[in-house]
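Heads up: the protein sequence lines correspond to chains A and B, in order.
The opening position of the first sequence corresponds to residue 1 in the numbering used here, with each subsequent residue numbered one higher.
The opening position of the second sequence corresponds to residue 114 in the numbering used here, with each subsequent residue numbered one higher.
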Amino acid sequence: AQSVTQLGSHVSVSEGALVLLRCNYSSSVPPYLFWYVQYPNQGLQLLLKYTTGATLVKGINGFEAEFKKSETSFHLTKPSAHMSDAAEYFCAVRNQAGTALIFGKGTTLSVSS
Amino acid sequence: EAGVAQSPRYKIIEKRQSVAFWCNPISGHATLYWYQQILGQGPKLLIQFQNNGVVDDSQLPKDRFSAERLKGVDSTLKIQPAKLEDSAVYLCASSMHRDLTTGELFFGEGSRLTVL
Numbered sequence: 001a002q003s004v005t006q007l008g009s010h011v012s013v014s015e016g017a018l019v020l021l022r023c024n025y026s027s028s029v030p031p032y033l034f035w036y037v038q039y040p041n042q043g044l045q046l047l048l049k050y051t052t053g054a055t056l057v058k059g060i061n062g063f064e065a066e067f068k069k070s071e072t073s074f075h076l077t078k079p080s081a082h083m084s085d086a087a088e089y090f091c092a093v094r095n096q097a098g099t100a101l102i103f104g105k106g107t108t109l110s111v112s113s
Numbered sequence: 114e115a116g117v118a119q120s121p122r123y124k125i126i127e128k129r130q131s132v133a134f135w136c137n138p139i140s141g142h143a144t145l146y147w148y149q150q151i152l153g154q155g156p157k158l159l160i161q162f163q164n165n166g167v168v169d170d171s172q173l174p175k176d177r178f179s180a181e182r183l184k185g186v187d188s189t190l191k192i193q194p195a196k197l198e199d200s201a202v203y204l205c206a207s208s209m210h211r212d213l214t215t216g217e218l219f220f221g222e223g224s225r226l227t228v229l
């Protein structure tokens, strides 16, 4: 069965610091992995996705993620945090049928000045 | 391009009452999803439509929840009777294609339900 586990429900960083949000997955088929961001009172917005090919995926707003099969991980990073990055981030894996997404519990990112 | 529209944005009801949520997907998107997001948890799929047919409703509590997409466009999610544990944000999403190999989900802003 497909599932994702996000390590750390809350991450706090200073403005300009490295952002690292952790996601591990379980999948019985080659995984398709996604990161979504949710700003307060808004819907989820796609940051980036991994399907096949290059394991380092670049997304919007300077975020990137690396697919590591040996570690079953898909961690999200950004070299330098900005105040506007404060939001909730969700990692997701495509279900076995390939038609829907299964989400993790989310990680809230706080950025302080 | 207009996004996924949902209404109402907020709803407060007493337990055992009924409530309905409406969703209008992005034009041309054949696949429509309803997700439930309880506070502190990730979104959980309730039901998925392909045009006006149900693809997956395995996690929909059918004794109290129902959903329809009669003309393959708009969709309505109903809860009757509501329980306290139904308090959540109900997210509607749409996708152009059923297969997410190349597609992605586009989400609405959600409908926040509080059951007292």
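We treat Cβ as the ideally placed atom computed from N, Cα and C, and that holds for glycine.
Predicted model only: the values in this text are computed from it and were never measured.
Do serine 224 of chain B and phenylalanine 134 of chain B have their CB atoms nearer than 8 Å?
-> As a first step, residue 224 of chain B is located in the second sequence; it is residue number 111 there, counting from the start. As a first step, residue 134 of chain B is located in the second sequence; it is residue number 21 there, counting from the start. Yes, they are a contact pair.
Given a threshold of 16 other Cβ atoms within 10 Å of its Cβ, counted over all protein chains shown, does isoleucine 60 of chain A qualify as buried or as exposed?
-> Indexing the first sequence from 1 puts residue 60 of chain A at position 60. Isoleucine 60 of chain A comes out exposed.
Do alanine 195 of chain B and serine 131 of chain B have their C-beta atoms within less than 8 Å of each other?
-> Translated into the one-based positions of the second sequence, residue 195 of chain B becomes position 82. Translated into the one-based positions of the second sequence, residue 131 of chain B becomes position 18. Yes.
I think alanine 87 of chain A touches glutamate 15 of chain A, with their Cβ atoms under 8 Å apart; what is that distance to the nearest whole Å?
-> Mapped onto the first sequence, residue 87 of chain A falls at position 87. Mapped onto the first sequence, residue 15 of chain A falls at position 15. That pair is no contact at about 14 Å.
Sub-8 Å separation of tyrosine 36 of chain A and alanine 92 of chain A beta-carbons = Residue mapping note: residue 36 of chain A aligns to position 36 of the first sequence, counting from 1. Residue mapping note: residue 92 of chain A aligns to position 92 of the first sequence, counting from 1. Cβ atoms of tyrosine 36 of chain A and alanine 92 of chain A: closer than 8 Å.
Three-state class that DSSP yields for aspartate 170 of chain B in the structure shown | In the second sequence, the residue the question calls residue 170 of chain B occupies position 57. Correct three-state label for aspartate 170 of chain B: coil.
Residues of its chain near isoleucine 126 of chain B, where Cβ-Cβ distance is below 8 Å and the 5 sequence neighbours each way are ignored | The count along the second sequence starts at 1 and reaches residue 126 of chain B at position 13. Only Val132, Ala195, Leu226, Thr227, Val228, Leu229 meet the Cβ criterion.
Got a sec: which bits of the region 180-202 of chain B sit with their beta carbon under 7 Å from any beta carbon on chain A, in order along the chain?
-> none
On the premise that tyrosine 32 of chain A lies in contact with threonine 51 of chain A, defined as a C-beta separation below 8 Å, what is that separation, rounded to the nearest angstrom?
-> Locating residue 51 of chain A in the first sequence gives position 51, counting from the first residue. Locating residue 32 of chain A in the first sequence gives position 32, counting from the first residue. About 5 Å; that satisfies the 8 Å criterion.
So which residues on chain B does glutamine 42 of chain A lean against when the C-beta distance must stay under 9 Å?
-> Working through the first sequence from its first residue, we reach residue 42 of chain A at position 42. Chain B residues near glutamine 42 of chain A: Phe220, Glu222, Gly223.
Identify which residue in B/Gln163, B/Lys184, B/Leu197, B/Ile192 has its Cα closest to the Cα of leucine 173 of chain B.
-> Here the question's residue 173 of chain B lines up with position 60 in the second sequence. The option with the nearest alpha carbon to leucine 173 of chain B is B/Ile192.
Below 8 Å on the Cβ atoms is my guess for glutamine 119 of chain B versus glycine 221 of chain B; work out the distance and round it to an integer in Å.
-> Taking the first residue of the second sequence as 1, we reach residue 119 of chain B at position 6. Taking the first residue of the second sequence as 1, we reach residue 221 of chain B at position 108. Between glycine 221 of chain B and glutamine 119 of chain B the Cβ distance is about 4 Å, and since that is below 8 Å, they are a contact.
Can you list, in chain order, the residues of the region 150-180 of chain B whose Cβ is nearer than 9 Å to any Cβ on chain A?
-> Gln150, Gly153, Gln154, Gly155, Pro156, Lys157, Leu158, Gln161, Gln163, Val168, Asp169
Between which two residues does the beta strand (DSSP E) containing arginine 211 of chain B stretch?
-> Position 98 of the second sequence holds residue 211 of chain B. Arginine 211 of chain B -> no beta strand (DSSP E), and no H or E assigned at all.
Under the three-state reduction of DSSP, which class applies to leucine 158 of chain B: helix, strand or coil?
-> Here residue 158 of chain B corresponds to residue number 45 of the second sequence, with the count starting at 1. Leucine 158 of chain B falls in the strand class under three-state DSSP.
Which of the three DSSP states, helix, strand or coil, is assigned to isoleucine 60 of chain A?
-> In the first sequence, the residue the question calls residue 60 of chain A occupies position 60. It is helical.
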